[in-house]
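Residue numbers (this note's numbering), protein chains in the order written: chain A, 442 to 913; chain B, 442 to 913; chain C, 442 to 913; chain D, 442 to 913. Report on the structure given below.
Protein chains: 4
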Amino acid sequence: MCGIVGVSLREPLEPHRAAYSLYYGLYALQHRGQESAGIVVSRDGEGSRISKGMGMVPHIFAPDDLKRLQGNVGIGHVRYSTTGSSRIENCQPFIIDYKDGSLAVAHNGNLVNYAQLRAGLEGEGRVFTSTTDTEVIAHLLVKELLIHKDLVEAVRELMRILVGAYSLTLLVNGRLVAIRDPLGIRPLCIGRLENGWVAASESVAIDTLGGRFLRDVKPGEILMFNGADEEPRSARLYRAATTAHCIFEYIYLARPDAILDGRLVYDTRVRIGELLAEEHPAEADVVTSVPDSGVASAIGYSDRSGIPYRETLMKNRYVGRTFIMPEAEMRDIAVKLKLNVLGPQVKDKRVIVVDDSIVRGTTVRRIVDSLKARGAREVHMRIGSPPITSPCYLGVDMKSKGELIASQHSVEEVRRFIHADSLGYLSLGGLVRAVGMTEKHLCTGCLTGVYPVEVPGEKWTARQMKLSHFTP
Amino acid sequence: MCGIVGVSLREPLEPHRAAYSLYYGLYALQHRGQESAGIVVSRDGEGSRISKGMGMVPHIFAPDDLKRLQGNVGIGHVRYSTTGSSRIENCQPFIIDYKDGSLAVAHNGNLVNYAQLRAGLEGEGRVFTSTTDTEVIAHLLVKELLIHKDLVEAVRELMRILVGAYSLTLLVNGRLVAIRDPLGIRPLCIGRLENGWVAASESVAIDTLGGRFLRDVKPGEILMFNGADEEPRSARLYRAATTAHCIFEYIYLARPDAILDGRLVYDTRVRIGELLAEEHPAEADVVTSVPDSGVASAIGYSDRSGIPYRETLMKNRYVGRTFIMPEAEMRDIAVKLKLNVLGPQVKDKRVIVVDDSIVRGTTVRRIVDSLKARGAREVHMRIGSPPITSPCYLGVDMKSKGELIASQHSVEEVRRFIHADSLGYLSLGGLVRAVGMTEKHLCTGCLTGVYPVEVPGEKWTARQMKLSHFTP
Amino acid sequence: MCGIVGVSLREPLEPHRAAYSLYYGLYALQHRGQESAGIVVSRDGEGSRISKGMGMVPHIFAPDDLKRLQGNVGIGHVRYSTTGSSRIENCQPFIIDYKDGSLAVAHNGNLVNYAQLRAGLEGEGRVFTSTTDTEVIAHLLVKELLIHKDLVEAVRELMRILVGAYSLTLLVNGRLVAIRDPLGIRPLCIGRLENGWVAASESVAIDTLGGRFLRDVKPGEILMFNGADEEPRSARLYRAATTAHCIFEYIYLARPDAILDGRLVYDTRVRIGELLAEEHPAEADVVTSVPDSGVASAIGYSDRSGIPYRETLMKNRYVGRTFIMPEAEMRDIAVKLKLNVLGPQVKDKRVIVVDDSIVRGTTVRRIVDSLKARGAREVHMRIGSPPITSPCYLGVDMKSKGELIASQHSVEEVRRFIHADSLGYLSLGGLVRAVGMTEKHLCTGCLTGVYPVEVPGEKWTARQMKLSHFTP
Amino acid sequence: MCGIVGVSLREPLEPHRAAYSLYYGLYALQHRGQESAGIVVSRDGEGSRISKGMGMVPHIFAPDDLKRLQGNVGIGHVRYSTTGSSRIENCQPFIIDYKDGSLAVAHNGNLVNYAQLRAGLEGEGRVFTSTTDTEVIAHLLVKELLIHKDLVEAVRELMRILVGAYSLTLLVNGRLVAIRDPLGIRPLCIGRLENGWVAASESVAIDTLGGRFLRDVKPGEILMFNGADEEPRSARLYRAATTAHCIFEYIYLARPDAILDGRLVYDTRVRIGELLAEEHPAEADVVTSVPDSGVASAIGYSDRSGIPYRETLMKNRYVGRTFIMPEAEMRDIAVKLKLNVLGPQVKDKRVIVVDDSIVRGTTVRRIVDSLKARGAREVHMRIGSPPITSPCYLGVDMKSKGELIASQHSVEEVRRFIHADSLGYLSLGGLVRAVGMTEKHLCTGCLTGVYPVEVPGEKWTARQMKLSHFTP
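See below:
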């Protein structure tokens, strides 16, 4: 998972306004990636300026860095930690120079045919400096640009070749471009600023910059921004029969205040709770949530069930991600430091705990244990999604099947593992209803094992197949 | 406002277990002070070891610092920023050596007669290295110890002299001591650990260390810990007719998961919301809170009023206290970055917003404005406390009268200032009912201007007067 | 200017021994580049590991970084700051993956035909991520490797194409390779370690690792290291009629304790001083030097002239490169802090000051002024090289002609500018004699404006022309 | 060992000029203490401002710290690391407030009767926050000030009580004061700045600030500065029959460019080398030094003996004090990194190595071994001082007798231990001649075991005894 952003601002302005806007935009998207971040800006007639580093947005970019990044157009990227590739070479945006100009790419998603595409390019004698699919996208785009000389034609060809998820912000010779894959798997939207345009993974980045949300980038669309005062030029290159919006964005990934493909995520999560209360009622004294991911659904559950909502687990707001856990025997204390139980709130009570999903089950078990240790009589877990049984090949660092508890175990087995008195997962139908789309417009690969694009060795539906029949 | 902690652990153990326990205890009390922190540990037959610094707990103490702090008994302190005194000399604990031994002091509270006491000591030729009342307490205690040779007698004399609020943890020649002033103004409680004892400002520090909450230290009590396996020795030196527990701890200061003088703060805050709904009902579509301080009261308001509770203001969890706001024109963006409105949640709706208190009114006004900017039809502010009209002389860095909006303006004037459609403060009677004590057991100085001890130029009740008649 | 190093060590050993050896080797070469540094290591059957960053060696590599860099073979690089290119993308070693494997390159030197080579590669559709000639070398080498499949053949072709200075250490599929250009412009030598082999820009890196200096890499030679116990395989690919060793390495660049092409640099510098005393004698009371660059020559001057050598300018050893000069009016103090005059040593005396070279003249003038301010009666500047009149195109960041004072002004004009009573430059003949080679084996471009390779718009001799006639 | 400085500057000026001047002054004195540093400034009618910390001057004081330190008068301190007391509480200057005002003290030296003085003060009920004799001095001075109300009288009494070495700069109620003990053991001098006055441990701090050296503070003198334009008021409180200037300042401690009690240290060190050549001639090919401490003496030795001086040991100027030596087996490499031998300079040669002193002998042995490993035929060590046989009680952190090799072993035994072919120490007579005073004006305790003040269990002369008979 990653977050991307791009701005195209009016000149003249303070020369580092674009850099600051990207900085704040990335800060608003920090939840989509905490491993590294980067900003590239450009200005007419001048080369691009870049700053990137490992860590969180505010630690990477000092005010002096931002002041150095002069330009009126730019893109930015935050990256999630995925094993083995944590090195500065893999940080984005990725910048390259080629015969006719320069290109900077920020990418959210994952290519399913990365290995074949890279092997093909290597076969042509090309060399690579990173292990990211972003570099492959950059090489292919340059290749097509050198053939077609036209960005729209080059991107159309690119879309034909790439299989997978890709929302992109690009700087193509100093101009901002936004692209979303034909199935619209990862989100991407645009907004109007007082002094220009912004594209971002989630609408929250637009809100933060004081902008007005305009619309989502359409599946298969390319948007080319030509200065602050001109409407961006759009081309809908592919039009799939259906879409494949990632359902996990609604369950967990996106911020609750984001508007994704027309829906406020918070509303979806409240509805999830309401439907969960209908599907899996329980006799209880209190409904509670695992902070912060389950709050909206717990409120929805409480509303529908009539059982009062209370906070029972208090997060220490001062404990950051850089927290030190130095000694094995102190680990348990570190957990308590992060999340403390409001003892009297649960003592001798029957508690319904609502959370968004279960991955390995160990975190949930620790929570159930904590509640029981403080005297909870019964703990009923209610999960706002069906069991996650399959990995994601389209950009979410889901665990492998072996690590996904629901992939190996029945619901009853999971219930016993997590020490809960009862366990209820929301049905796929319920979840789809809560999102408010039909299932065929969503990617539910992690829940069903059926993917919207061909993944070697996995089941997939024909959605992507139809794509090639579309005329642009 | 400050937070204090102390531990007395069993030997032999890992030599830095006490330091780690104090570190985690202070981390749990971080909300009580973010300006500086310090830890002192000691071990039989060896001098004390100290580490302190400016900033937040995890930035001050590196693992290597903690490993250096070998000992089985110790105290710690976090300090709140108060103007003008932000220097390393004022960091606590305060350590001194004297003829018969050594003393370390961590103090939460404020002495009203600090200036007179210090002048008296200076008149005897004594010198001071800081501007804290803690140093005055240390000097006076040493003076009494040299006279009485007995700690209990010395502290009894100390209590006779000191006027104001003081919860203390001390190391007296390597032994942990906990003291609470005769009116019990600031909180202090003790707990049992698997391997010893802990004293702390709030029970959350005990929870974090995996300990069992035992009880509050009683007003006027001294507790002397003599090793991990022996019960602490207690002496009740003064017994006031009433107490003067700070009511603002319940309103805002303490963590919601703390148990203060027998009450879970969260429960009090839910009750505040319930009573607020009774005192100040409003026709509305949604009840919401200012995160995180108003959540519990908003839930209580929703429960009692039947109007659904929803989150409408989303905090960016990644924005820390060290946030950079470099350019004036970017300030507004920085505010939006911290707190984003869930637009669709408030558009065309009548919104009740619950918060704990109003100090200057500027923050509340910005929130009302944000909600209206996103389409809220009406905004009704409900405040979980009466107007704050007077400064605090007993340890809370309240603003001066001039800065307290309610001190200068009527409720209607405040309502207009904050742009709200209506404004309702909880009555003092309601607040006291919510806390569940009688008013005479509480200090309500900031709300009433009447204090429980003599403050020159202010009204005060006779509570402290009676004190001198008590026999220990 | 840059410094490079490479090691090939025996297995099994501590897994991070190679990284530590490279770290210490780079530390010994720190004078050749303080802007950035990087280390790449590799181990059979595993990919390469890299760490690089901006700044000085000890600040870039923390012990934890080095421990992570497991492998028994590796290369390292320190880079000098050159305007405009100070960004992490330009840090070396440069690593790329290609069809048949991977390549890491560390480069010291400069390609004169960089722009043409890069344009040619871009014309083939290739893309670039940096603005360094190192990336061009890497692309060309991969291209030749894919054609010839044999490293020696590929490098022979590379040498035919590249025009300029290049000493290289490479990792080619996990094996250490060292290459020096056919004119031997930049230094490169090899040494034997107890547990393997080392190649480095200067012998001081070998000394530091406790190794035995073996010999310089020959102009036009490739050395391939195949494990710690086998002699490296050598191939002399080109044999120029003459060489073009950089004369400025002897004057200033190399450390005095380095052995370059068979000569101890310190000895050369003492001889420079001796010949300077013969060419430019002066009546004086004391001979002194600008620390640290002129010490050896001043001692040589003193020996030959019989005038006693004394230190008169004392460097503050604690003033580092990161020194803060915050206020304009404090600049003068900052200069005095760095270099203090031993007043009584110069008062009423006639002083001969020996330095290695004059670039802009401003530093020398400040020194002359300081000595006169403390009472020196006469100051006679003696410079251990002829006037620097021309830029360097072969790897030294000399100033442009406009900034080189001797390029625009006569010796008498320079003397007046620097406020000296007399000024004597060593003749080219004297300098060449001091080095102990014939002039045709040296590059004297910066002193004569005649270069050993074709530089557009500049005079050059035919040395490189002959190259193409040699058979490998 | 420590370094102290004080300034009294004219108003109005930039408000942080005093802080910057103290910063640069301390930077110039960094060689006298690298453990911690502190600065205190004051301005009429305002309290003092302080900043201090552990480490080196440039790392402790950021530009923002200095800007915060507004005032026109101030003092500063650098502190040397002595075992066990490395904590922020012991950093100087030490500030206290008392009945009639405030006092800040920076101290260089050591009190021999510290323990008795502190016990006496503790007996009066006083408390201490540090383990430094500086705090004792501060308490005693306040005590006398409260009695005498007059600074001169108070200091006269202080001088009667204190036994040992003390050069002091003080801020007494916002005025700069400089004091030197009656024997003048540690140095202290004053200078004129364009905008005020400066007092400092060594004249190099005056040079750095662009000031004019005026004179040393006289033994037993107090100087009171009253603004920038008035001459400081002086009082000579005690006049010892002789002085006891520390001879080790000339041998090693002071910077070579310092003027101590009228003598340029560099000149003394050259003379040391000349006399050493007379006392201990040797047949040799080259004279060399251990950088940087032995350079001046080696040059003197070369001059007198006619044997050429050459550098043979090259220091890596980039290796700082914070150097990491992570692995035992890499230690040897770390040593080589710091100091490399110029092999050809010593191969097959007879080498005379001049150094200032021998403490434990291990460093010298490593140097002799290094030279022999690179082929030196003979190594003759010449030491610019007599054997150090006794500890220092007056402010230098000399080792204990057990660690001083010359305390336990004959010269021949030391020679064998250090692997030298011959070893010659300068005689005490020679050293005294080189300094140019009579022996009775110098403290030679570390060389003779006879001290100028009473040290329990050690021999001492009557110098201090006479003191009490002097009338002020």
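Where is the CB? At the ideal position from N, CA and C, for every residue including glycine.
{"Query": "Bridge partners - His686 (chain A), DSSP secondary structure assignment", "Result": "A:Leu883"}
{"Query": "Validate contact between the region 484 to 498 of chain B and the region 885 to 894 of chain A using beta carbons, cut 8 Å, 3 pairs", "Result": "no"}
{"Query": "The region 467 to 475 of chain D touching the region 651 to 667 of chain D, judged by at least three CB pairs closer than 8 Å", "Result": "no"}
{"Query": "Those residues which DSSP pairs with Ala547 (chain D) across a bridge", "Result": "D:Thr610"}
{"Query": "Per DSSP, cross-strand counterpart(s) of Ile536 (chain D)", "Result": "D:Ala545"}
{"Query": "Within-8 Å CB hit, Asp441 (chain D) to chain C", "Result": "Here chain D has residues from 442 to 913 only, and residue 441 (chain D) is not among them."}
{"Query": "Any chain D beta carbon closer than 8 Å to Val519 (chain B)", "Result": "no"}
{"Query": "Exposure of Thr879 (chain C), with buried meaning 16 or more beta-carbon neighbours within 10 Å", "Result": "exposed"}
{"Query": "Nearest-angstrom Cα separation, counted from Thr649 (chain A) out to Arg656 (chain A)", "Result": "16 Å"}
{"Query": "Neighbour-count burial assignment, Arg458 (chain A), 16 or more Cβ in a 10 Å radius", "Result": "buried"}
{"Query": "Distance, Val731 (chain C) Cα to Leu812 (chain C) Cα", "Result": "11 Å"}
{"Query": "Chain D within 8 Å of Gly525 (chain C), Cβ atoms only", "Result": "Since pLDDT at Gly525 (chain C) reaches only 41, below the 50 mark, its modelled position is unreliable, and the value read off the structure follows with that caveat. No, Gly525 (chain C) lies away from the interface with chain D (no Cβ there is under 8 Å from its Cβ)."}
{"Query": "Secondary structure of Met822 (chain A), DSSP reduced to three states", "Result": "strand"}
{"Query": "Proximity below 8 Å, CB of Val727 (chain D) to CB of Arg751 (chain D)", "Result": "yes"}
{"Query": "Within 8 Å, strictly: CB atoms of Val645 (chain B) and Asn781 (chain A)", "Result": "yes"}
{"Query": "Residues that DSSP places opposite Ile631 (chain A) in a beta bridge", "Result": "A:Ala640, A:Arg656"}
{"Query": "Alpha helix (DSSP H) segment containing Ala459 (chain D), residue limits", "Result": "458 to 469"}
{"Query": "Neighbourhood of Leu586 (chain C) by C-beta distance below 6 Å, restricted to the same chain and skipping five residues each side", "Result": "Ala595"}
{"Query": "Rounded straight-line distance, which links the Cα of Thr610 (chain C) to that of Asn513 (chain C)", "Result": "15 Å"}
{"Query": "Identity of the residue in C:Leu778, C:Arg621, C:Ala478, C:Pro832 nearest Arg680 (chain C) by Cα", "Result": "C:Arg621"}
{"Query": "Selected residue, minimal CA-CA separation from Gly652 (chain C), among C:Ala478, C:Ala640, C:Glu895, C:Cys443", "Result": "C:Ala640"}
{"Query": "Helix, strand or coil at Glu662 (chain A) according to DSSP, with G and I counted as helix", "Result": "strand"}
{"Query": "Three-way DSSP call (helix, strand, coil) for Phe502 (chain C) in this model", "Result": "coil"}
{"Query": "Interface flag, Asn781 (chain D) vs chain C, CB-CB below 8 Å", "Result": "yes"}
{"Query": "Candidates C:Glu724, C:Asp733, C:Val736: closest to Gly747 (chain C) by CA position", "Result": "C:Glu724"}
{"Query": "Minimum C-alpha distance to Pro897 (chain C) - residue among C:Leu450, C:Asp506, C:Asn554", "Result": "C:Asn554"}
{"Query": "Leu701 (chain D) versus Ala545 (chain D) - alpha carbon distance", "Result": "25 Å"}
{"Query": "Which listed residue (C:Arg815, C:Val809, C:Asp797, C:Thr803) has its alpha carbon closest to that of Leu783 (chain C)", "Result": "C:Arg815"}
{"Query": "The region 793 to 811 of chain D contacting the region 839 to 855 of chain D, beta-carbon criterion three pairs below 8 Å", "Result": "yes"}
{"Query": "DSSP-derived helix/strand/coil call for Ser531 (chain D)", "Result": "One detail in the question is off: residue 531 (chain D) reads as Asn in this sequence, not Ser. Reduced to three states, the DSSP call for Asn531 (chain D) is helix."}
{"Query": "CB contact check: His686 (chain A) to chain C, cutoff 8 Å", "Result": "no"}
{"Query": "Inside the region 693 to 763 of chain D only - beta strand (DSSP E) runs reaching at least 3 residues", "Result": "727 to 730, 754 to 756"}
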